[in-house]
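Structure first, then comments.
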Amino acid sequence: MFWLSLFFSWTMALSLVELDIGVGCNTSNAYPNSKSIMSFTINEPTANLLLVHFAFVRLAPRDYILLRPMVNSSKPAETSERITSSSNSLGAFFSMPLYTIKATVELHTFGSNAEECYGFQIDGVRTNIRDNAKFANELESICGTDDSMNAECYVNSPSYTKAKAVVRMLTNRESGSDFCTGWLLGCEGHLLTNQHCIQSPDDAINTQYEFMAEGMSCTDNCEAQGACSSRQFVRGGILIATSKPLDYSLVLLDNIPLGLGFLQFRASGPVLNEKIYIPQYPMGWGKRIAVVKGNQPGTITSVTLSGCAPNQAGYMLDTQPGSSGSPVLAAKDNKVVALHHCGGCPNAGIQSQFIIEDLRKKRALPACAVA
């Protein structure tokens, strides 16, 4: 049995390519005091993506930075990222991932009379995330053939509606970047994932939480890291509670998009042989839902499974690296009965009643979290 986060150990590939792009505040370029556009180019021909690292941002109230991906012959242009003065308090942070080799950085200013030290500094860019396919055999959690399907294949079922609350996560650390899965728990803006995905307050802050990253149809190909992006992100959250033995972390998010709903725990936990399904972001791909194994519905095969933890819920539904933190939902009432965290066929999750008990002890159980 093993963890299913994508913990990337390619030190050289994942370290920052150094850059020196800056305006104002101790840089060589003066911050404009009139309406203007200053433009810089990032060009990394061997990159798989661009994660632009800002050492700091301090913008005047109306000014903004536009990160604009340039058209790549193999991928369509993406929506640009707009960075405003709301990012002034972030300190160092990464941009949203840009799946391109070339991008422009545009500073749009409108003139300010305030005697402030406005400016920004880009000190590097990360150009690679580990190629999960090369490591799939090491972290194999597909039990036979992968029977999970694009979320849109279940668009007319309750499983699709519940899956709206499932989130693709990208955590950026000095050592590299990790994809995991999380989900909205309760009605106060909390997200639950694995502790091995969010291990510290810094991890919670340096994670990008993406909503509704999925194909537009059942047949869309979303089998690539960051594919089928919705560009609906929340950058950073506050770690509220965590448990290494139970492998969970609870994070509070702000400005969650409307219409996603939320999930609830079943207080009594899973029942042996009951039907289940797992919405997830395997390999950092677009959202998939595992419902069947072969031609049979997925079920709880054990409530006493050992391995990564004692007394885990076991099941044969397919998961992959990046699926860590996914909810395991019961088909009969669409409640979360386990938190997926471990692979090995059977795959395994922490039973819901154990997490509820621990959150209550910590006085951290969100409102509406238990049905």
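This note's numbering runs 11 ahead of the 1-based position in the sequence shown. Ideal Cβ placement from N, Cα and C applies to all residues, glycine included.
When the Cβ atoms of the segment 95-107 are set against those of the segment 67-76, are three or more pairs found closer than 8 Å?
These segments touch.
I need the DSSP call for Asp189, collapsed to helix, strand or coil.
Translated into positions along the sequence shown, residue 189 becomes position 178. DSSP places Asp189 in strand when its eight states are reduced to three.
Comparing alpha-carbon positions, which option in Leu316, Met227 and Leu340 lies nearest Pro359?
Your numbering for residue 359 matches position 348 in the sequence shown. Checking the displayed sequence, the identity of residue 359 turns out to be Ala instead of Pro. It is Leu316 whose Cα lies nearest to the Cα of Ala359.
Smallest Cα separation from Thr182: which of His201, Gln210 and Thr90?
Position 171 of the sequence shown, counting from 1, holds the residue named residue 182. Thr182 has its Cα closest to that of Gln210, out of His201, Gln210 and Thr90.
Rounded to whole angstroms, what is the Cα-Cα separation between Glu228 and Lys372?
Residue mapping note: residue 228 aligns to position 217 of the sequence shown, counting from 1. Residue mapping note: residue 372 aligns to position 361 of the sequence shown, counting from 1. A quick correction: the sequence has Ser, not Glu, at residue 228. When rounded, the distance between both Cα atoms is 43 Å.
Give the DSSP-derived three-state secondary structure of Arg137 in the structure shown.
Taking the first residue of the sequence shown as position 1, residue 137 is located at position 126. For Arg137, the three-state secondary structure derived from DSSP is strand.
Spatial distance of Gln364 from Gly248 (CA atoms)
Walking along the sequence shown from the start, residue 364 turns up at place 353. Walking along the sequence shown from the start, residue 248 turns up at place 237. Each residue's Cα considered, the two are about 25 Å apart.
Whole-angstrom C-beta distance between Lys298 and Ala162, which should lie under 8 Å:
For the purposes of this step, residue 162 is taken as residue 151 along the sequence shown, with counting starting at 1. For the purposes of this step, residue 298 is taken as residue 287 along the sequence shown, with counting starting at 1. Confirmed, Cβ separation roughly 4 Å.
For Pro388, which residues of its own chain have a beta-carbon under 8 Å away from its beta-carbon, when the five flanking residues on both sides are left out?
The first residue shown for the chain is 12 and the last is 382, placing residue 388 beyond what the model contains.
Which of helix, strand or coil DSSP assigns to Leu109
Taking the sequence shown and counting its residues from 1, one reaches residue 109 at position 98. DSSP places Leu109 within a strand segment (E or B) once states are collapsed to three.
Over the uninterrupted alpha helix (DSSP H) stretch that includes Asp213, give me the two end residues.
Within the sequence shown, the letter at position 202 stands for residue 213. Unbroken alpha helix (DSSP H) run through Asp213: Pro212 to Ile216.
Taking 6 Å as the line, does the beta carbon of Phe104 fall inside it for any heavy atom of the ligand NAD?
This structure lacks the ligand NAD; in fact it carries no ligand of any kind.
Let's see if you can read the secondary structure: which residues bound the beta strand (DSSP E) around Ala174?
For the purposes of this step, residue 174 is taken as the residue at position 163 of the sequence shown. That residue, Ala174, is in no beta strand (DSSP E); its alpha helix (DSSP H) goes Pro169 to Ala174.
Relative to the C-alpha of Ser335, which candidate in Ile53, Ser260, His201 and Leu62 has its C-alpha closest?
To locate residue 335, count along the sequence shown from 1; it is residue 324. When each option's Cα is compared against that of Ser335, the closest is Ser260.
Rounded straight-line distance, which links the Cα of Thr111 to that of Thr138:
On the sequence shown, residue 138 is found 127 positions in, with the first residue counted as 1. On the sequence shown, residue 111 is found 100 positions in, with the first residue counted as 1. Each residue's Cα considered, the two are about 9 Å apart.
Buried or exposed: where does Ile48 fall if 16 or more other Cβ atoms within 10 Å of its Cβ makes it buried?
Here residue 48 corresponds to residue number 37 of the sequence shown, with the count starting at 1. Burial check for Ile48: the Cβ neighbour count within 10 Å stays below 16, so the residue is exposed.
Near Gly385, which residues of its chain fall below 8 Å by C-beta distance, leaving aside the five closest residues on each side in sequence?
Beyond the ends of the chain as shown, which are 12 and 382, falls residue 385; an answer cannot be given.
Sub-7 Å separation of Met223 and Gln243 beta-carbons
Looking up residue 223 in the sequence shown gives position 212. Looking up residue 243 in the sequence shown gives position 232. In this structure, Met223 places its C-beta atom within 7 Å of the C-beta atom of Gln243.
Close Cβ partners of Leu77 (< 7 Å) along its chain, the five nearest in sequence each way excluded
For the purposes of this step, residue 77 is identified with residue 66 of the sequence shown, where counting begins at 1. Shown here for Leu77: same chain residues with a beta carbon closer than 7 Å to its own, the five before and five after excluded, namely Ser91, Arg93, Glu117 and His119 in chain order.
Taking only three categories from DSSP, how would you classify Gly199?
As a working note, residue 199 is residue 188 in the sequence shown. It should be noted that the sequence gives Glu, not Gly, for residue 199. Coil, per DSSP.
Determine the DSSP secondary structure at Gln206, reduced to helix, strand or coil.
Here residue 206 refers to the residue found at position 195 when the sequence shown is read from its first residue. Look at Gln206 here: in three-state DSSP terms it is coil, with no helix or strand label.
Give the straight-line distance between the Cα atoms of Leu370 and Ser123, rounded to the nearest whole angstrom.
Here residue 370 refers to the residue found at position 359 when the sequence shown is read from its first residue. Here residue 123 refers to the residue found at position 112 when the sequence shown is read from its first residue. Their backbone Cα atoms lie some 48 Å apart in a straight line.
Run through the DSSP bridge pairs and tell me what His64 is partnered with.
As a first step, residue 64 must be located in the sequence shown, where it is residue number 53. His64 pairs with Phe105 and Gly135.
What number of angstroms, rounded off, separates the C-alpha of Cys239 from the C-alpha of Glu225?
Counting from 1 along the sequence shown, the entry for residue 239 is found at position 228. Counting from 1 along the sequence shown, the entry for residue 225 is found at position 214. Whole-angstrom Cα-Cα distance: 5 Å.
Considering only the alpha carbon of each residue, which of Glu234, Gln323 and Leu271 lies closest to Gly197?
Mapped onto the sequence shown, residue 197 falls at position 186. Here the closest residue by C-alpha is Leu271.
Between which two residues does the alpha helix (DSSP H) holding Phe365 run?
Start at 1 with the first residue of the sequence shown, and residue 365 comes out as number 354. First-last of the alpha helix (DSSP H) with Phe365: Ser363 to Lys372.
Buried versus exposed, by CB contacts within 10 Å (16 or more), Asp213:
Residue numbering aside, residue 213 sits at position 202 when the sequence shown is read from its first letter. Exposure of Asp213 is indicated by the presence of fewer than 16 other C-beta atoms within 10 angstroms of its C-beta.
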